[in-house]
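Everything below concerns the one structure shown next.
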Amino acid sequence: MKRQGGFTLIELVVVIVILGILAVTAAPRFLNLQDDARNASLEGLKGAMAGATGIVYGRAAIDGVETIDGGSISGASGDTITTTWGYPEASENGIGKSVVGLSDGSDWAVVSGSDATKYSIRYTFADSKETDKCYVQYAISSAQGSEPKLTVIECE
0 MKRQGGFTLI ELVVVIVILG ILAVTAAPRF LNLQDDARNA SLEGLKGAMA
50 GATGIVYGRA AIDGVETIDG GSISGASGDT ITTTWGYPEA SENGIGKSVV
100 GLSDGSDWAV VSGSDATKYS IRYTFADSKE TDKCYVQYAI SSAQGSEPKL
150 TVIECE
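For what it's worth, numbering that gives the first Met the number 0 labels the leading residue of the sequence shown as 0, then goes sequentially.
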């Protein structure tokens, strides 16, 4: 009679346990899900800003202030949104009031030292200590007729 070779049940269980321990300790190093989630949030903010600029420009055109540098319109919640050539100004009174959630400071914050003029402003996570590493920049040209430029600097 031939003797069959193979693994015993205890050997298989030991191998499975070792693989489980390796997976629990090594997988988080390879799968950095927090950065992926933060980058997706930044892209979402960029999309919200892009949508808000179109809506504000449409409202400014209806009000006849799309050709004024330093105009303003009334927002949906009654806030006054300052505009530059019809687009939201790059400030907390412009794009900050145009996008829901930017002005309350609960989720997003202005990057300190981001040269928050009426032509450029950066937003990052309110709880982030590394504000210069990942953010969304909203920049508008000082020349009439050009759309705002939205740039995402992703988290590493």
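Here a beta-carbon is modelled for each residue, glycine too, at the ideal position from N, C-alpha and C.
A138 is bridged by DSSP to S119, K148. Residues K96 of the same chain have their beta carbon placed closer than 6 angstroms to that of D78, with the five preceding and five following residues left out of the count. In the DSSP assignment, P27 forms no beta bridge with any residue. G46: member of the alpha helix (DSSP H) spanning 32-62, first to last residue. Secondary structure at A75: coil, using DSSP grouped into helix, strand and coil.
Collapsing the DSSP output to three states places I67 in coil.
Going by DSSP, K96 is part of the alpha helix (DSSP H) stretching over 94-97. From the listed residues T52, G4, D62, the smallest Cα separation to Y137 is found for T52.
Counting C-beta atoms within 10 angstroms of its own C-beta, T66 has fewer than 16 neighbours from the protein chains shown and is therefore classed as exposed.
Beta-bridge partners of W107 (DSSP): F124.
Spanning the alpha carbons of L18 and V98 requires a straight line of approximately 47 angstroms. Taking every protein chain shown into account, the CB of L101 has 16 or more other CB atoms within 10 angstroms, so this residue is buried.
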